[in-house]
Structures are given as structure tokens and as C-alpha cells.
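J.:
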Amino acid sequence: MRPGMQPAARFRSTHTSSNKKNPMFAFIVRRIAQAVMVMLVISVIGFAIKTAVGDPVRDLVGVAVSAEERARLSEELGLNDPLPVQWVRFLGGALQGDLGQSFFFKRPAMEVILRKAPATLELVLAASVIIVLVSIPVGIYAAVRPRAALSRLLMGGSVVGVSIPVFLTAIMLIYVFAIHLGWLPSYGRGETVRLTSWWETGLLTKDGLLHLVLPAISLSSVMLPLFIRLIRAEMKEVLEAEYMKYARAKGLRPWRILLVHGFKNTLLPVITVGGVQLGTMIAFTVLTETVFQWQGMGFIFLEAVERADTSLLVAYLVFVGFMFVVVNTAVDIIYGLVNPMVRITGRK
Amino acid sequence: MKRLLLACLCAAMLCGFAGAAHAKTLKMALDADPVSLDPHVQLSGGMLQYSHICFDPLVRWAKDGSFEPRLAVSWEQIDPLTTRFHLREGVKFHSGNAFTAKDVAWTLERLKQSQDYKFLFELFGPAKVVDDLTVDIVTTKPYGLVLAMATYIFPMDSAFYSGMDDSGQPKDAIVKTGPSFALTNESGTGPFAVTYREQGVKTVFTRFKDYWDTKSPGNVDEIVLTPIKEEATRVAALLSGDVDFISPVPPQDLERVGAHKDVQLVTMSGTRVITFQLNQKRRPEFADKRVRMAVEYAVNNAGIVDKIMKGFATVAAQQSPAGYAGHNPELAPRFDLDKAKALMKEAGYEKGFTVTMIAPNNRYVNDEKIAQAVAGMLAKINIKVELKTMPKAQYWDEFDAQVADIQMIGWHSDTEDTANFFEYLLMCPNKETGSGQYNSGNYCNPELDALVIAANAEFDTAKRTAMLQQAEKMAYDDAAFVNLHWQNNSWAGRKNHKNLEHILNVMDFPYFGDLVVE
């Protein structure tokens, strides 16, 4: 058997045996329990910082409104109750899928977040595509030709890339491509198409895609250097492996050796890091979205902080906590599929 | 068949071009969009800007400070408590309903219910409908500012807002905390009607085809408003041609925007005064007029305007900007470090003392930097300042609690009148009457209070002006607070916006209905 095929072959054998369904089930139940715990902890933290963010009532009224009027409004919103009481009320609502009402949007917080989520997910998706398309060829090239001038340039460039803060990259991109050259739009999502009641996509129109370019590049700039370096390092290691020499000796085409035998075996660490970084990337959208006026979750999060829209804030934190758990679970599952040597926890 | 198709295609394209040539769209980016479509739900600059787009007031401010007839064609005072307004004929609401005196009375009643507006209309009784086009606005006490207040009366379509919505809530309910009919529906008489809105993302205003003001030169058919909060992005959107109009223009970009070949920059001295209050209750030192005066002499407000505001502000020596009734041209900015030191010595504080100071860091233009600069200036007369800055969401509670000895506050007069500054910032704090609500300096001068109250009941403009100017002089002589500057307003549009400067004003209520785009 060719070494490169080993994991896939093992995977098939583990999956066909019949008694393996239960551990998977147990694993998922365990993860759901974990998700609930994470969300509970986050909601406690959210409530703890709530009062520090400020008083939402101030943002709802003009400056000249009297203290009595404000107190009345505060009472109406239930903000005068002790925090534990508010938290229990929040939990009660959360059990029925109600994460509270956004003070600013005057709509259920969950609805506000769900309506903004597609924008963020599309941005993260586009950035991920850029990362995959760029980091793989560049990483492999830099590993195969470590001494070439181009490799050195790319690696040097990636150091610069990783050390520039994302909002600066974003502003530089806007300056060059929107103002100076006038090729790409500078802000917003452009023309969107409504897919469902809450999902408006910018991926189906030319205008929407053009608007996506700069934000996606600036968001990917955060992670790109990391992935290039990771793939290069892993690839270098794999290139030294015996089976690579063997493949070369067999006279296989060079690209086949690199991609099928070489690159495939670097995937494991790449997926591990990728899974963790996907969460980080969602966090980084706060900055990118703010600079590009990209109407996603990160953008409304920052606005919610400024407006002291605390109910939206807590709902966002809980929702993102949930997403982190989902992403990590998915990565763990994929991880198991790619390399069954790593046993899913919960299996005897 | 093919030929027919081609002909159709050509025709369609021609129509498209023709349409493009006629329809004028103004793409506009502001720092925020109106928080709702209900003009009475919040009293703020953004909501008033919106009101001027979709509604028309009875009268509005002209550039020279006079009143321009809008839905009221003329008015007369028939007794000390009553002003009679004659209304315009043939005005239609966006819903198609006709505008009558009943709508004015209904709107005034609603304003008196609004949490944000009720204090402005405290002295107003119910309006009396005389006939369809005549309405008497009545005050409970003689009040010199009836016309100024009429600029806030944007008649709403009483028939449109009557009845119950689907959830059983009255359509005219003013709701700050939940959904309501008025928050998402509008029917005014204004030049534009809202045809699309996604809060925080985009609002489209389409020209109202039955707009009464057919003499207006305005030719904009559609306004697309996008809020862009990030300053650099807003400027980039203008310079790259993605939008045609932005406001405000951040001070650091004024030069760049002004120098651009397709863009015209308009700036005006604004009406929001930035001040520091010295708390006399917390610090006995500040109860000594000499110490307050020393602080006033130590603060180089011209330097702050020059270095921090990049000249984008007007140095202030009083609260009322030029053009306001109470603006006293005799009062000049004071800065003299030697004199400040001498005053400190005279008061027995040569060695100085330590005070605390708070300021917001995202409320006024460069607020944090200004506070730091003032702290540095006070160090020169040995007043050591411990400064804490915080976001506006946290600031006002701290301000109200008077947690620091020196507190920053900026104020824009809601009545565009001098008395408003005194009522909120300098009159003796009084929980019952609500005066001095933001007087965290606890400055209290009964003589000054009496003068301002008398001025409010005075109808003779010349006498009233003299009284308010006298009040400004008293505050100046007493060094009641520290004056910094009036923030300037700024807008930038395209060169083909022919009368841009004309439709803009110091209140920052652009009259977009009159904008001409070539």
C-alpha cells in the first residue's frame, strides 16, 4: 500500500464496522452539553459586564429628558431589577429561543443577529477561499524552492502582512483600489439578492461580488501568512519522507507527487489550525466590517457596545459562543475523518 | 423576428438612457441614519434632519435667522397668550390625505406626550382649530419663543396615524422600547417619502409627486441614505465616487476633501458650545471667583482651536454663538498665564491643589484630546488634574452623579435661543422646576436666574436681546464656567450640486427638497 493512501484506507475500515455509531452519538451529545455550558458561562460574563458598558436608556432619549422620565423607562425595560433576577429572566426567555429585545433596533436580538449573520458568513467564506487558493500554492512553492528569490520575497511579504493591523490594511486597500485607482467600491455590500426572509446574499450579483473583494482580502490578510508558513513547514518535512523519494523513484509526475503524496499528508495540522483560526476570523470581522461598513454581526456588535445596547450585546456573545462550539465540533469530526488514528473522545 | 427583437432592445436601451439622464439620485452618507421614522420618538439632530426630509414644519429657520413660511403662510399674535397661524391651502400628505388645521392640533398634542419633546412644549396648551386653515396656538404664560417652537411642529397625518395596528396598539403610540406602527411608517407633507428602509443599512427617500412647494428649484428625485460611521470610510466613499454627499467631514480630512477637484466643501461656524464646569460644591476652591477666573485665564482656548481642532472651531467666550439673541459681541476670549498665576496667588492657592476631571471620549469632536490639553494647561498654574475619559454610554451617569471636580459638557440649544443654555447649564439646580439639570458646577446666581426668566416672558425683541446679553456678561464676569469653542459644521458634496451652500445652515438641517443637481 502506498503510504499516502494509508489514512483513507483505515478510515474506510473503521466506518464500515457496525458498532461505531454509538461513540459518535455520545460524542455529539457530549458536545451539545459542552455548548450549553459554554453559553451559560458566556451569558454570566455578559451580564457581569453589562452595567460597565453603560446605561442603554441614555441612548434612547434626548439629553434634555428629565431624570424621572429616564427612571420610568428604565423600570419599564426591567433594568432596575438586581442582575441575578435579570439573568434568570434572560435564561427563561433563552429556553424558549428568545434572547431578549435589542434596545436600539426595537426587535428581538436573535432576529437582528440572524439577519446580519449571512453577511459575516459570506465574508468569512470569501476570505477562507482566498486563504486556500493563495496559501496552498505559495506554501508548496516556498517549500520546494526555499532558496528561490520569489520564495524569499513571498515569505518576507508574509512577515509584513502578519505585522500590519487589519484596519490599516483595510484603509490602505481602500485608498489604493477605491480612491486612487477607482477599480473597486469602498464600502458596503452593494446590490444584494434576497434568498429567504432573513438571508440577503451579495454572492449572486456582480456588484455584490465586487464589493466583497476588498473586505475579503483584508480579512484574509490576518490569517494568510500563518497558513503559508504552516504549509511550507509541513511540506518541507514531508518532502524529506521516504515515501516521497520512493514516489520520485517510481517516476510519477512531479505535480502528482507534490499534491497527492506530499500535500495530502500536510493536511492534518492545517485543518487543526484552520478550525481554531476560523473562530478567530469571525472575531476579526469586527474590525474589517467596521472599516468597510460591512453590515454583518461584527459591525453591529461594535455599534451595540457604543450604544450600550446591552441585550443585543449579550445575545451576540452567546450566539458567537455557540458558533465556536459548532465550528470546533465540526473540525473534530473532519479531523477524525481525515485521520482515524486520532480517536474521537468518548470511544472506548 | 430578429430585427424586431433588436428594435425592441434598442428602444429599451434608449429608454434606459433617457431615464438615467432625468432621474437624479443623491447618494448620501451620514454618520448615522435616523433611529426611527417616528419624528417624536427622539429629539436629536439626526431625527430633525429626517423630519425636514419627510415632513414640513409650520415655519423653518432661514439662513439669516428669520422664519420662512412653510405649512403656515402667515401668523399674527392676537393676545399675549395666543398666536394665530394661517395654513397653506392644497397641501397633501404622502398618504393622499389633505392637510388641515386639525393635523396641527393633533401633532401638538402628540408632541406634548413625547418624552423627548414635552419639556419644550411645557408652556403650550391645546391648540384651537378655528377653521380648516386657521389654528390658534396657545401658551399658558406669555412666551417669546412661540415661533422658534413652531419650527419643531412638523404636522403629521392625523388620519393616517389613527386607529389600531395589527397588534392592537394605537398607531400613534410613541414607543421607545418596542415595535410600533409609527416607528416604521410615515406620512408627512415633506418633499420626500420613505420608500425603502433597513435600519442602520439603507434608507431610500423618493420625491413626493404631489409636493405642495412647486416653486422649489429642487430637482433630486431620490435620496439614498447610507450611514457610514467610520470617518475614514465615509471620506473614502466620497472621494471614490461611491457617494455624492457626506456629513460630517472629519477635521483631519478637511484639507484633502477641499482640494479634490470634483468635490465642494462647505463649513460653517456651529452652535454647539464646548465647556468645562468647575464644581463649587465639591471643591471650596472653585467657590472663590478668583480661582475660577484663574482657570479661565490659564486655558488657551485659541490654542486648542488652532492645534487640536485644526482651526475647525470658533473660539468662544460665552455660550451663545453669533446670531443668537444673547450673543454679546463685547465679550472676548481671555488667556493670560501671568494673570492666572497672579489670581491664584491672590486667592492663596499659589502652591495649587489637585482636582479630578472627567470627559467623554466619543461624544464631541476631539473631546479626549481637548481634556488632556486643558489638564496640561492647568498644571501651569499648579492645579494638578487627574483626568479620566470614558465612552458617552457611560459618561452621562457619571456626569449626573458629579463624580469629578471638573466635568466637560457640550451644549446645543434646542430652541436655537440663548435662554436654553442658561436654563440647562447655569441656572441654580432645582429638582422641582428642572432648571440647571446639567449644572454640575453648581454655580448659582439668583440675580441671573431672575434675568433669564424675565427675558423668556419678554416679547419686545430688542429688550429681550439686551437682557440675554446682560446675562452672558454676568456669567462672563463671574467666570461661571470655562469656555472653549463652538464646534463647526461640515458637509461635502459634488461640484454639480449647484446651490449646496444655500440649502445648508448652522443648525445642520439640510433642506434637501431644494437641492439642485445639474
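First to last, the sequence lines map onto chains S and F. Take the numbering used here: the last position of the first sequence gets the number 1042, and nothing is skipped along the way. Take the numbering used here: the last position of the second sequence gets the number 1444, and nothing is skipped along the way. Beta carbons: idealized from backbone N, C-alpha and C, even for Gly.
Measuring alpha carbon to alpha carbon, tell me which residue in F/Asp1170, F/Met973, F/Leu952 is nearest valine 961 of chain F.
T.: F/Met973
J.: Excluding the 5 residues preceding and the 5 following methionine 903 of chain F in the sequence, name in chain order all residues of the same chain whose CB lies nearer than 7 Å to its CB.
T.: With chain F covering only 927 through 1444, there is no way to say anything about residue 903 of chain F.
J.: Does the separation of the CB atoms of glycine 794 of chain S and valine 1014 of chain S fall below 8 Å?
T.: no
J.: Are the stretch 887 to 904 of chain S and the stretch 826 to 842 of chain S in contact at 8 Å, needing three or more beta carbon pairs?
T.: no
J.: Which one or two residues does DSSP pair with methionine 1090 of chain F in a beta bridge?
T.: F/Pro1096
J.: Classify tryptophan 1001 of chain F as buried or exposed, calling it buried when 16 or more other Cβ atoms lie within 10 Å of its own Cβ.
T.: buried
J.: Cα-Cα, which of F/Ile1149, F/Leu963, F/Ala1213 is closest to lysine 1097 of chain F?
T.: Out of F/Ile1149, F/Leu963, F/Ala1213, F/Leu963 has the C-alpha closest to the C-alpha of lysine 1097 of chain F.
J.: Let's test the definition: count the other Cβ atoms within 10 Å of the Cβ of threonine 1387 of chain F and tell me whether it reaches 16, buried, or not, exposed.
T.: exposed
J.: With DSSP collapsed to three states, give me the class of isoleucine 1429 of chain F.
T.: helix
J.: Since serine 970 of chain F meets chain S, which of its residues come closer than 8 Å, beta carbon to beta carbon?
T.: Gly756
J.: Suppose the cutoff is 6 Å on Cβ atoms and the five residues either side in sequence are ignored; what does the same chain contact list for glycine 1016 of chain F look like?
T.: none
J.: Grab me the residues of isoleucine 1100 of chain F's own chain with a C-beta within less than 8 Å of its C-beta, minus the 5 sequence neighbours each way, in chain order.
T.: Asp964, His966, Val967, Arg1036, Gln1039, Ser1040, Gln1041, Ser1106, Ala1108
J.: Where does serine 1040 of chain F sit, in a helix, a strand or coil, going by DSSP?
T.: Serine 1040 of chain F falls in the coil class under three-state DSSP.
J.: When you compare the stretch 1199 to 1208 of chain F with the stretch 910 to 919 of chain S, are there three or more beta-carbon pairs, one atom per stretch, that lie closer than 8 Å?
T.: no
J.: Apart from the five residues just before and just after leucine 1441 of chain F, which ones in its own chain have a Cβ nearer than 6 Å to its Cβ?
T.: If we look at leucine 1441 of chain F and ignore the five residues flanking it on each side, its Cβ neighbours are Gly1144, Val1146, Ile1429.
J.: Would glutamate 770 of chain S pass as an interface residue toward chain F - the criterion being a Cβ-Cβ separation below 8 Å?
T.: yes
J.: Report all residues from its chain with a CB closer than 7 Å to the CB of asparagine 1431 of chain F; omit the five preceding and five following residues, and keep chain order.
T.: Trp987, Lys989
J.: Could you check what DSSP says for glutamine 1320 of chain F in three-state terms: helix, strand or coil?
T.: helix
J.: Using DSSP's beta-bridge definition, name the partner residues of threonine 1065 of chain F.
T.: F/Phe1050
J.: Between tryptophan 1412 of chain F and chain S, is the shortest Cβ-Cβ distance under 8 Å, so that the two count as touching?
T.: At a cut-off of 8 Å between C-beta atoms, tryptophan 1412 of chain F does not count as an interface residue with respect to chain S.
J.: I need the boundaries of the alpha helix (DSSP H) containing glutamine 1413 of chain F, first residue and last residue.
T.: Membership of glutamine 1413 of chain F in any alpha helix (DSSP H) is not indicated; the residue belongs instead to the beta strand (DSSP E) covering 1408 to 1420.
J.: So glycine 748 of chain S packs on glutamine 1320 of chain F, CB below 8 Å; how close in whole Å?
T.: Right, their Cβ atoms sit about 4 Å apart.
J.: Just list the beta strand (DSSP E) runs in the stretch 965 to 1021 of chain S, keeping only unbroken ones of 3 residues or longer that don't cross its boundaries, in chain order.
T.: none
J.: With histidine 1012 of chain F as the anchor, note down where its beta strand (DSSP E) starts and where it stops.
T.: 1008 to 1013
J.: Listed in chain order, which residues of the stretch 1009 to 1038 of chain F have Cβ atoms closer than 9 Å to some Cβ of chain S?
T.: none
J.: Using the beta-carbon count (16 or more within 10 Å), is alanine 947 of chain F buried or exposed?
T.: Summary for alanine 947 of chain F: the model assigns pLDDT 46, below 50, so the residue's position carries little reliability; its value from the coordinates is reported in the next sentence. Classification for alanine 947 of chain F: exposed.
J.: Distance check for serine 1088 of chain F and proline 1286 of chain F, CA to CA, integer angstroms please.
T.: Rounded to the nearest angstrom, the two C-alpha atoms are 41 Å apart.
J.: Look at the Cβ atom of aspartate 1331 of chain F, then the Cβ atom of threonine 1282 of chain F, and state whether they are nearer than 8 Å.
T.: With contacts defined by Cβ atoms closer than 8 Å, aspartate 1331 of chain F and threonine 1282 of chain F form a contacting pair.
J.: Could you pull out every residue in the same chain whose Cβ sits closer than 8 Å to the Cβ of methionine 938 of chain S, ignoring the five residues on either side in sequence?
T.: Val932, Ile951, His955, Gly956
J.: If you compare alpha carbons, which of F/Pro1317, F/Met1194, F/Ala1243 is closest to aspartate 1403 of chain F?
T.: The residue with the shortest Cα to Cα distance from aspartate 1403 of chain F is F/Ala1243.
J.: Comparing the C-beta of isoleucine 865 of chain S with each C-beta of chain F, is any distance below 8 Å?
T.: Residue contact with chain F for isoleucine 865 of chain S: present (Cβ-Cβ distance below 8 Å to some residue of chain F).
J.: Does the Cβ-Cβ distance between glutamate 1427 of chain F and valine 1192 of chain F come in under 8 Å?
T.: yes
J.: Quick one: does tyrosine 1250 of chain F have its CB under 8 Å from some CB of chain S?
T.: no
J.: CB-CB under 7 Å to leucine 1071 of chain F, same chain, minus the five flanking residues each way: which ones, in chain order?
T.: Thr1341, Asp1343
J.: Tell me the rounded alpha-carbon separation between proline 812 of chain S and valine 723 of chain S.
T.: Cα to Cα, proline 812 of chain S sits roughly 27 Å from valine 723 of chain S.
J.: So phenylalanine 784 of chain S is in the beta strand (DSSP E); what residue range does that whole segment cover?
T.: That residue, phenylalanine 784 of chain S, is in no beta strand (DSSP E); its alpha helix (DSSP H) goes 777 to 789.
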